[in-house]
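Asks: Chains as they are written, first to last, in our numbering: chain A, 189 to 401; chain B, 341 to 714. The C-beta atom is built at its ideal place from N, Cα and C for all residues, glycine as well.
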Amino acid sequence: MTREDDNFATSASRPDFAAIAGWVKPGAKVLDLGCGDGSLLRYLNKTRKTRGYGVEISDENILACTKNDVNVLQNDLETGLSGFESNSFDYVILSQTLQAMRHSERIMNEMLRVGREAIVTFPNFGYWRHRLELLNGRMPVSGALPYQWFDTPNIHLCTIADFEKFCRDYGMRILERVIMNSSDIIRVLPNWRGTLAVYRVERETSLRDIKAP
Amino acid sequence: MLETSSVGAVVPQTAHFDSAIVLASGAQIAQYDLVYETYGELNPACSNAVLVCHALSGNHHVAGYYAGQEESGWWDNMVGPGKPIDTRRFFVIGVNNLGGCHGSTGPASIDPASGKPFGAGFPLMTVEDWVETQARLAQRFGITQFAAIIGGSLGGMQALQWSISRPEQVRHVIAIAAAPKLTAQNIAFNDVARQAILTDPDFHGGNFCAQDAVPRRGLRLARMLGHITYLSDDSMAEKFGRGLRSGAYSFGYDVEFEIESYLRYQGDKFAASFDANTYLLMTKALDYFDPARAYNGNLSAAFRGARAKYLVLAFTSDWRFSPGRSRDIVKALLDNELDVSFAQITSNHGHDSFLMEDEHYHDLLRAYMNNIEI
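Next comes the structure, spelled out in structure tokens:
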């Protein structure tokens, strides 16, 4: 398989990539937090000519990113983004990582300090199957939430409604959102029917003014 | 599995330079030799050249072995056919730095002007000076731009300096277990090592060659001290612990603990093969390295003209050149929007980790090297 094929396969298997790429301006400077094997960065570098950097903690992913020929910095996101200057990126991306972080609010603030805009994706806990499983008395396990309660890295799951309230409470303005289920975009009853939420947000007020509710 | 092999038997070469070099100190060296080795083939476009810069006690003998000798080059696990720095693809140069003691002109060489060894008269060198001499050697090969310049520790400093001094002449910099400058603690260790040599009665103010003496005790102590700082507490505990050679206390000052035996052996070996003046000037080059100094301490400003892509590697247990110092380098590169990757490799071998064979470390370097276009 050539690298082009490889790239195509990646974008097809991760429909949120295309949604994110649609928002990213060509030539932008992008920081991808928890960038995994670097496929999103590689995709953005290719399709949007971005100047991208990834942050990862795992050795395995650092190696995968290096193989993918993307810039990657080994760092623990929980310690913040102190190695990055304020307003030094156009976009800071947090793809399917927010729900696994201990300090959700701190990382969001940090993202909007370092970047002009933040792009956040997370699995929607409000998806109807998840609600049904809970009604049946069991923790939901699905394609979007593939873990059992005892082995999940996800500690801060939220619904679309939760996230939007969180943004309002913490002074973040939602610029755009795409709610997806597999590769379909869900417009009707998104908090029931969507499995993956993709948001673009910016600071509503300067960081200093942000107060806890 | 990957097939790897040795570059095989190698023969060092010597390049002679007639044009004087003016050093950062203002001193001049009228003419000099640089001894070097090469592995692999330089392609017709001269675009596959890799320079490996050596650390404090290293030299040009990076890989392979000398006919009739068993010991191989200091980075033989890294450089060779199928190895992370693959000599089937790259043309690799190892050079003994000016001021060294393994063939290049240095304090133990004969000064043509006097017919006697330079000794104390040999000028102090800086990392910038080495970059200049290495560039002159590259010119001999017709290399106008290195595909990569790689080094660990003091070698990493040279690789970084290349991208500052000659930004157009290096595409990739791999700085391993390096630092943008030494800390006070680091300079302190270096000075204790120097004091051991300088106060050895056999040092004779640096002109020990003329006296037919060798400041063996000083060199030995310097190396023993250095060696402790290149290892980690954990690796020493693992390798030696409190092991006793005879199994019991002998209530004397002879070698009792395994670690004592090891350090004395390393010290003796080093004192028999290394020049004291070279050791002194190498430690000074380390102390002086500080590219931010010319920019009021602003490291980001020092890299403003840099154009290379960087791979910066640090090791968790390296307390001599800690991962934090590598992060300082990364921060300065990020401030200049340069391409950079950084990995903090888990290893308990301390500063010496950069010389060790570690699967993840080697996989990373291999992956990075594979993506370098030639």
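At a CB-CB cut-off below 9 Å, which residues of chain B make contact with A/Arg239?
Replies: To locate residue 239 of chain A, count along the first sequence from 1; it is residue 51. Within chain B, the residues near A/Arg239 are Glu677 and Asp679.
Asks: Of all Cβ atoms in chain B, is any one closer than 8 Å to the Cβ of A/Ile250?
Replies: Here residue 250 of chain A refers to the residue found at position 62 of the first sequence. Judged by the 8 Å Cβ criterion, A/Ile250 is in contact with chain B.
Asks: Contact defined as beta carbons within less than 8 Å: I believe B/Val392 pairs with B/Val350. What is the distance between those atoms, to the nearest angstrom?
Replies: Translated into the one-based positions of the second sequence, residue 392 of chain B becomes position 52. Translated into the one-based positions of the second sequence, residue 350 of chain B becomes position 10. With a beta-carbon spacing of about 13 Å, B/Val392 and B/Val350 fall beyond the 8 Å limit used to define contacts.
Asks: What three-state label does DSSP hand A/Tyr358 in the structure shown?
Replies: Working through the first sequence from its first residue, we reach residue 358 of chain A at position 170. A/Tyr358: coil per DSSP, three-state reduction.
Asks: Check the Cβ of B/Asp742 against every Cβ in chain A and list those closer than 8 Å, keeping chain order.
Replies: Absent from the model: residue 742 of chain B. The displayed extent of chain B is 341 to 714, so no value can be given.
Asks: Does any CB atom of chain B fall closer than 8 Å to the CB of A/Phe272?
Replies: If you number the first sequence from 1, residue 272 of chain A lands on position 84. By this cut-off, A/Phe272 is an interface position.
Asks: From the DSSP output, in three-state form, read off A/Gly210 for me.
Replies: By one-based count along the first sequence, residue 210 of chain A stands at place 22. DSSP places A/Gly210 in helix when its eight states are reduced to three.
Asks: Below 8 Å on the Cβ atoms is my contact criterion, and I expect B/Ser640 with B/Val652 to pass it. Report the Cβ-Cβ distance as a whole number of Å.
Replies: One-based indexing of the second sequence puts residue 640 of chain B at position 300. One-based indexing of the second sequence puts residue 652 of chain B at position 312. Rounded, the Cβ-Cβ distance is 15 Å, inconsistent with contact.
Asks: What are the start and end residues of the beta strand (DSSP E) that includes A/His318?
Replies: By one-based count along the first sequence, residue 318 of chain A stands at place 130. A/His318 -> not in any beta strand (DSSP E); alpha helix (DSSP H) instead, spanning Trp316 to Leu323.
Asks: Classify B/Val532: buried if its beta carbon has 16 or more other beta carbons within 10 angstroms, exposed otherwise.
Replies: If you number the second sequence from 1, residue 532 of chain B lands on position 192. Burial call: exposed.
Asks: Can you list, in chain order, the residues of the segment 258-284 of chain A whose Cβ is nearer than 9 Å to any Cβ on chain B?
Replies: Val258, Asn259, Val260, Leu261, Gln262, Asn263, Gly271, Phe272, Glu273 and Ser276
Asks: Taking the alpha-carbon positions, what's the B/Leu538 to B/Phe430 distance?
Replies: Locating residue 538 of chain B in the second sequence gives position 198, counting from the first residue. Locating residue 430 of chain B in the second sequence gives position 90, counting from the first residue. Going by the C-alpha atoms only, they are around 42 Å apart.
Asks: Please report the residue range of the alpha helix (DSSP H) in which B/Lys579 lies.
Replies: Working through the second sequence from its first residue, we reach residue 579 of chain B at position 239. Here the alpha helix (DSSP H) through B/Lys579 covers Asp573 to Lys579.
Asks: Under 8 Å between the Cβ atoms of B/Leu678 and B/Phe655?
Replies: For this step, residue 678 of chain B is matched to residue 338 along the second sequence. For this step, residue 655 of chain B is matched to residue 315 along the second sequence. Not in contact: B/Leu678 and B/Phe655 (Cβ atoms no closer than 8 Å).
Asks: Please list the partners that B/Asn711 has in chain A, where partner means a Cβ-to-Cβ separation under 7 Å.
Replies: To locate residue 711 of chain B, count along the second sequence from 1; it is residue 371. By Cβ distance, chain A contributes Asp257.
Asks: Taking the alpha carbon of A/Val258 as the reference point, which residue from A/Gly240, A/Thr267 and A/Ser274 has its own alpha carbon closest?
Replies: Reading the first sequence from its first residue, position 70 is the one you call residue 258 of chain A. Among A/Gly240, A/Thr267 and A/Ser274, the Cα nearest to that of A/Val258 is on A/Gly240.
Asks: Which of helix, strand or coil does DSSP assign to A/Cys346?
Replies: For the purposes of this step, residue 346 of chain A is taken as the residue at position 158 of the first sequence. Correct three-state label for A/Cys346: strand.
Asks: Taking three-plus beta-carbon pairs below 8 Å as touching, is the segment 261-276 of chain A in contact with the segment 292-299 of chain A?
Replies: Contact holds: three or more Cβ-Cβ distances are below 8 Å.
Asks: Look up B/Arg647 in the DSSP assignment and say whether it is helix, strand or coil.
Replies: Stepping through the second sequence from its first residue, residue 647 of chain B is reached at position 307. Coil, per DSSP.
Asks: Cβ atoms of B/Thr466 and B/Ala364: under 8 Å apart, would you say?
Replies: As a position in the second sequence, residue 364 of chain B is number 24, starting the count at 1. As a position in the second sequence, residue 466 of chain B is number 126, starting the count at 1. In this structure, B/Thr466 lies closer than 8 Å to B/Ala364 by Cβ.
Asks: Can you give the beta carbon distance from B/Val510 to B/Leu500, rounded, assuming they're within the 8 Å contact cut?
Replies: As a working note, residue 510 of chain B is residue 170 in the second sequence. As a working note, residue 500 of chain B is residue 160 in the second sequence. Between B/Leu500 and B/Val510 the Cβ distance is about 10 Å, and since that is not below 8 Å, they are no contact.
Asks: With 9 Å as the limit, tell me which residues of the segment 205-218 of chain A have their beta carbon closer than that to any beta carbon of chain B; keep them in chain order.
Replies: Lys217
Asks: Kindly indicate the opening and closing residues of the beta strand (DSSP E) around B/Val375.
Replies: Counting from 1 along the second sequence, the entry for residue 375 of chain B is found at position 35. Counting along the chain, the beta strand (DSSP E) containing B/Val375 begins and ends at Tyr372 to Tyr379.
Asks: Of all Cβ atoms in chain A, is any one closer than 8 Å to the Cβ of B/Lys671?
Replies: Within the second sequence, the letter at position 331 stands for residue 671 of chain B. It does: the Cβ of B/Lys671 has a partner Cβ on chain A nearer than 8 Å.
Asks: Does chain A have any CB closer than 8 Å to the CB of B/Tyr406?
Replies: Taking the first residue of the second sequence as position 1, residue 406 of chain B is located at position 66. Answer no: the Cβ-Cβ gap between B/Tyr406 and chain A never drops below 8 Å.
Asks: For A/Ile245, which residues of its own chain have a beta-carbon under 6 Å away from its beta-carbon, when the five flanking residues on both sides are left out?
Replies: Position 57 of the first sequence holds residue 245 of chain A. Closer than 6 Å at the Cβ level, and outside the excluded window around A/Ile245, lie Asp264.
Asks: Strictly below 7 Å CB to CB, what residues from chain A border B/Tyr708?
Replies: Here residue 708 of chain B refers to the residue found at position 368 when the second sequence is read from its first residue. Under the 7 Å cutoff, chain A gives Thr254.
Asks: Quick check on DSSP: helix, strand or coil for A/Phe272?
Replies: Residue numbering aside, residue 272 of chain A sits at position 84 when the first sequence is read from its first letter. The answer is coil: DSSP assigns A/Phe272 none of H, G, I, E or B.
Asks: Grouping DSSP H, G and I as helix and E and B as strand, with all else coil, what is B/Asp658?
Replies: Against the second sequence, residue 658 of chain B aligns to sequence position 318. B/Asp658: coil per DSSP, three-state reduction.
Asks: Hey, does A/Asp220 have any beta-carbon neighbour from chain B nearer than 8 Å?
Replies: Stepping through the first sequence from its first residue, residue 220 of chain A is reached at position 32. At a cut-off of 8 Å between beta carbons, A/Asp220 makes no contact with chain B.
Asks: Taking the alpha-carbon positions, what's the B/Ala475 to B/Arg706 distance?
Replies: Against the second sequence, residue 475 of chain B aligns to sequence position 135. Against the second sequence, residue 706 of chain B aligns to sequence position 366. Computed Cα separation, rounded: 25 Å.
Asks: Listing by chain order, which chain B residues have their CB less than 8 Å from the CB of A/Gly225?
Replies: Reading the first sequence from its first residue, position 37 is the one you call residue 225 of chain A. Checking the displayed sequence, the identity of residue 225 of chain A turns out to be Asp instead of Gly. The contacting residues do not exist; A/Asp225 stays about 12 Å from chain B at best.
Asks: Do you know how far the Cα of B/Ile361 is from the Cα of B/Ala367?
Replies: Counting from 1 along the second sequence, the entry for residue 367 of chain B is found at position 27. Counting from 1 along the second sequence, the entry for residue 361 of chain B is found at position 21. The alpha-carbon atoms of B/Ala367 and B/Ile361 are separated by roughly 8 Å.
Asks: Classify B/Met465 as helix, strand or coil using the three-state DSSP reduction.
Replies: Taking the second sequence and counting its residues from 1, the one referred to as residue 465 of chain B is at position 125. Note: B/Met465 maps to coil in three-state DSSP.
Asks: For A/Asp339, decide whether its Cβ has a neighbour in chain B, counting only Cβ atoms nearer than 8 Å.
Replies: Sequence index remark: in the first sequence, residue 339 of chain A carries index 151 (1-based). At a cut-off of 8 Å between beta carbons, A/Asp339 makes no contact with chain B.
Asks: Between the alpha carbons of B/Tyr406 and A/Ile250, how many angstroms are there, rounded?
Replies: Walking along the second sequence from the start, residue 406 of chain B turns up at place 66. Walking along the first sequence from the start, residue 250 of chain A turns up at place 62. Linking B/Tyr406 to A/Ile250 through their CA atoms gives a straight-line distance of about 37 Å.
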